[in-house]
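*Asks:*
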DNA sequence: CTTGTCACTATGATTATCATAGTTACTATC
DNA sequence: GATAGTAACTATGATAATCATAGTGACAAG
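Residue numbers (this note's numbering), protein chains in the order written: chain A, 3 to 165; chain B, 3 to 165.
1) For the segment 46 to 60 of chain B and the segment 98 to 118 of chain B, state whether three or more C-beta atom pairs, one from each stretch, are separated by less than 8 Å.
2) Identify, in the order they occur along the chain, each residue of the same chain with its Cβ nearer than 8 Å to the Cβ of residue 53(B), setting aside the five sequence neighbours on each side.
3) Go through its chain and collect everything with a Cβ distance to residue 31(A)'s Cβ below 8 Å, but skip five positions before and after it.
4) Mind pulling the chain B residues with CB within less than 8 Å of residue 99(A)?
5) Would you decide whether residue 15(A) is buried or exposed? Buried here means 16 or more other CB atoms lie within 10 Å of its CB.
6) Quick one: list the residues of chain A neighbouring residue 148(B), beta-carbon separation under 7 Å, in chain order.
7) Under a Cβ-count criterion, where at least 16 other Cβ atoms within 10 Å of its own Cβ denotes burial, should residue 74(B) be classed as buried or exposed?
8) Where does residue 129(B) fall in DSSP's three states?
9) Beta-carbon separation of residue 90(A) and residue 67(A) under 7 Å?
10) Rounded to the nearest angstrom, what separates residue 162(A) and residue 29(A) at their Cα positions?
11) How far does the alpha helix (DSSP H) with residue 92(B) in it extend, from its first residue to its last?
12) So, under 8 Å CB-CB, residue 148(B) and residue 123(B) are touching, yes? Tell me the CB distance rounded to an integer number of Å.
13) Among 26(A), 114(A), 69(A), which one has its Cα closest to the Cα of residue 38(A)?
14) Distance, Cα to Cα, residue 118(A) vs residue 18(B)?
15) Quick one: using the 10 Å Cβ neighbour count with 16 as the cut-off for buried, is residue 217(B) buried or exposed?
16) Please compile the residues from chain A whose C-beta is within a distance smaller than 8 Å of the C-beta of residue 113(B).
17) Quick one: give me the first and last residue of the alpha helix (DSSP H) that residue 17(B) is part of.
18) Identify the residues that DSSP records as bridge partners of residue 152(B): which are they?
19) Are the C-beta atoms of residue 172(A) and some chain B residue less than 7 Å apart?
20) Beta carbon of residue 151(A), beta carbon of residue 120(A): below 7 Å?
21) Should residue 24(B) and residue 26(A) be called a contact, given that it needs their Cβ atoms to be closer than 7 Å?
22) What are the boundary residues of the alpha helix (DSSP H) that includes residue 43(B)?
23) Listed in chain order, which residues of the segment 55 to 85 of chain B have Cβ atoms closer than 7 Å to some Cβ of chain A?
24) Closest by CA to residue 155(A), which one among 94(A), 111(A), 8(A), 80(A)?
25) Pick helix, strand or coil for residue 31(B), following the three-state DSSP scheme.
26) Identify, in the order they occur along the chain, each residue of the same chain with its Cβ nearer than 8 Å to the Cβ of residue 128(A), setting aside the five sequence neighbours on each side.
27) Please name the residue in 92(B), 113(B), 106(B) whose C-alpha comes closest to that of residue 144(B).
28) Give the range of the alpha helix (DSSP H) segment to which residue 57(A) is assigned.
29) Quick check: what's the CA-CA separation for residue 107(B) versus residue 86(A)?
30) May I ask which residues mark the beginning and end of the beta strand (DSSP E) holding residue 82(A)?
31) Residue 10(A) by DSSP, collapsed to three states: which one?
Encoded structure:
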């Protein structure tokens, strides 16, 4: 690869976010952070990415103001990673990706009989399916509004990765 | 790069679409297709990607059932590229990316005084801003529902790229 | 004082990407 | 009828990002 072309100065909004999100490692790390997994080793294990890549991407995300690095222990000194408001706002993008996958990316029956992850609206309890607005109460769905329940098969996969 | 790790068999819906969308070239090509630019040379020029990359990604997108290759002329034989329903459904993801960018990815005043692209709901005429549901009529917004008007600055950039 | 934990850094092989140039199959112009 | 143009690609070589594996530093626990 030559130095990859830089699109961060394009005025096109899709091009600008493509520079950030058009990267498997970034998307997977954001998934972990949105799921509330904040520790380096957990992120590395769940994504299957090497520590060097995780380190490089987290540094970049901190520099972009999407992630914040915090000390959660002084002795020994240990850090973890938190999404900023700018980072939390990326929930909408990942949720759209999830919705597309649930509809288009699985063979029939591949996830059992339900979706790979069942999402429930915290405030009203409705199963949101793959909707953009809550079918129970009509509210828009954003960061923190949903509670996800992975299917048994997906849960087994996640356990296998961290073991 | 070693062979990139394959996530296409993960059961996680974000992981599965990350395999597809976690790629700058794919996102940029999808942007062009969603904007109705279907010809190879136009896509290459507007994205700034080399023809080899465009060719490889379009082949992959055809194999994934996201894009369809059609002959638009017999003599000389010429082809262009159309989104399938599976491809059109990716509008939601790119629209979420656009919304995030409009809110978080620009310095104040960088796009003039409005957004980089102003979107209007075709059926009711309302300016949708960065909403997920139309603020005019309350309808959900999907592929084909919006008419985009790039800001003068963005338009100038697009003209410069194709010249 | 050895083993374990966590957040990383270092090294080398592999390969995707970019820039540039060339190819094929026609049509249009001089 | 030879040259130039157009559209959709393919070929080639240099570069650098990625992966696998191993190692480091600072501390805690047994």
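Note that the Cβ used here is the ideal one computed from N, Cα and C, for glycine as well.
*Replies:* In short:
1) With contact defined as three or more Cβ pairs closer than 8 Å, the segment 46 to 60 of chain B and the segment 98 to 118 of chain B are not in contact.
2) Excluding positions up to five away in sequence, the list reads 42, 46.
3) The beta carbon of residue 31(A) is closer than 8 Å to those of 45, 49, 51, 56, 59, 60, 63 in its chain, skipping five residues each way along the sequence.
4) For residue 99(A), the neighbours in chain B by C-beta distance under 8 Å run, in chain order, 15, 16, 19, 20, 23, 95.
5) With 16 or more other Cβ atoms within 10 Å, it is buried.
6) None at all; the shortest Cβ gap to chain A is about 13 Å.
7) Burial is judged here by how many other beta carbons sit within 10 angstroms of a residue's own beta carbon; residue 74(B) has fewer than 16 and is exposed.
8) Here residue 129(B) sits in strand by DSSP.
9) Not a contact, by the Cβ cut-off of 7 Å.
10) Those two C-alpha atoms are separated by around 21 Å.
11) Where residue 92(B) is concerned, there is no enclosing alpha helix (DSSP H), given that its DSSP letter is neither H nor E.
12) Rounded, the Cβ-Cβ distance is 6 Å, consistent with contact.
13) Ranked by how close their Cα comes to the Cα of residue 38(A), the residues 26(A), 114(A), 69(A) have 69(A) in first place.
14) Each residue's Cα considered, the two are about 11 Å apart.
15) No information on residue 217(B) is available, as it lies outside the stretch 3 to 165 that chain B covers here.
16) The answer, in chain order, is 13.
17) Unbroken alpha helix (DSSP H) run through residue 17(B): 15 to 23.
18) DSSP output for residue 152(B) lists 119(B) as bridge partner(s).
19) This structure does not reach residue 172(A), given that chain A is present from 3 up to 165, and the question cannot be answered.
20) Going by C-beta atoms, residue 151(A) is nearer than 7 Å to residue 120(A).
21) Contact check for residue 24(B) against residue 26(A) passes: the beta carbons are separated by less than 7 Å.
22) For residue 43(B), the uninterrupted alpha helix (DSSP H) run begins and ends at 42 to 49, by DSSP.
23) Residues of the segment 55 to 85 of chain B with a C-beta less than 7 Å from any C-beta of chain A: none at all.
24) Nearest C-alpha to residue 155(A) among 94(A), 111(A), 8(A), 80(A): 111(A).
25) Helix, per DSSP.
26) Once the five neighbours on either side are set aside, the close Cβ partners of residue 128(A) are 122, 136, 137, 138, 139.
27) Taking only the C-alpha atoms, the option nearest residue 144(B) is 92(B).
28) Here the alpha helix (DSSP H) through residue 57(A) covers 53 to 65.
29) Answer to the nearest angstrom: the Cα atoms are 14 Å apart.
30) First-last of the beta strand (DSSP E) with residue 82(A): 80 to 85.
31) In this structure, residue 10(A) counts as coil in the three-state DSSP scheme.
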